[in-house]
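Written out below as structure tokens is the structure these notes cover.
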Amino acid sequence: MILQPQNSKKNKTWRIIDIINWGEKYLKDRSFDSPRNEIEILLLHLIGCEKIDLYLDFEKVIKPEDLITLRGWIKRRVNREPIQHIIGHSEFYGRRFIVNQDVLIPRPETETVIDISIDALSNKNTPVIIDIGTGSGCIGITLALEIPRSKVFAIDISEAALSIAKKKCSYI
961 MILQPQNSKK NKTWRIIDII NWGEKYLKDR SFDSPRNEIE ILLLHLIGCE
1011 KIDLYLDFEK VIKPEDLITL RGWIKRRVNR EPIQHIIGHS EFYGRRFIVN
1061 QDVLIPRPET ETVIDISIDA LSNKNTPVII DIGTGSGCIG ITLALEIPRS
1111 KVFAIDISEA ALSIAKKKCS YI
């Protein structure tokens, strides 16, 4: 059973360190490549803290309602749902972008496209950029922020994807 240690009392309290240790083993037993990192990411999102805080405050007891949420997330992850979909965002070029099943998860190698574009457009007065199939908006939004004098147009056939990209635009 998820988050029920062997030979334990039914009402056991779970500290951060207990969850890290248990989660690492649980995910390792299910052939995850980086099980400790996986459980840390889920805990970071659950608690809303930085990674260092997990270890500085490792004795902190997790609330029962948060354990229920975490249990659901672990089940989804064991079913190989991308962790970015579970936590609802992905990092791209130092910024957080909303992701779900309606958009592709930004890939780290796509950041190279940003670097090349910045280099190619750095001497242009007002470059016009068209982001076709914008998805999460990570490319168009990042280029707009990195090349402030540019005019960026982002389009997508999916209304759901455009909605996600617009949400990011609304708070930058």
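Counting in the numbering used here, the sequence shown runs from 961 upward without gaps. Even for Gly, the Cβ is constructed at its ideal location relative to N, Cα and C. None of these values were measured; they are calculated from a predicted model.
- Taking 8 Å as the upper bound for CB-CB distance, V1063 and I1124 are in contact here, some 6 Å apart.
- For V1063, no beta strand (DSSP E) encloses it, and the DSSP letter there is neither H nor E.
- With respect to the 8 Å criterion, S1096 and P1068 are not classified as neighbours on the basis of their beta carbons.
- Exposure of V1088 is indicated by the presence of fewer than 16 other C-beta atoms within 10 angstroms of its C-beta.
- With respect to the C-alpha of E1000, the residue from R1037, E1025, T973, N971 having the closest C-alpha is R1037.
- Counting the other CB atoms within 10 Å of its CB gives F1052 a total of 16 or more, which places it among the buried residues.
- By DSSP's assignment, R975 forms a beta bridge with V1021.
- In this structure, DSSP gives R1109 a state outside helix and strand, which the three-state scheme calls coil.
- Per DSSP, reduced to three states, the secondary structure at R990 is coil, with no helix or strand assignment.
- Shown here, R1031 sits in a helix according to DSSP, grouped into three states.
- In this model, I1115 and A1121 are separated by some 9 Å (Cα to Cα).
- Per DSSP, the beta-bridge partners of S1050 are F1057.
- Close CB contacts of E1106 within its chain, under the 7 Å cut and outside five residues either way in sequence, are with I1074, I1078 (chain order).
- Judged by their CB atoms, I1034 and L1002 are nearer to each other than the 8 Å cut-off.
- Ranked by Cα distance from L1006, the options P995, S994, I979 are led by I979.
- Burial state of D1091 is buried, judged by a 10 Å Cβ sphere holding 16 or more other Cβ atoms.
- The beta carbon of E1019 is closer than 8 Å to those of R975, I976, I977 in its chain, skipping five residues each way along the sequence.
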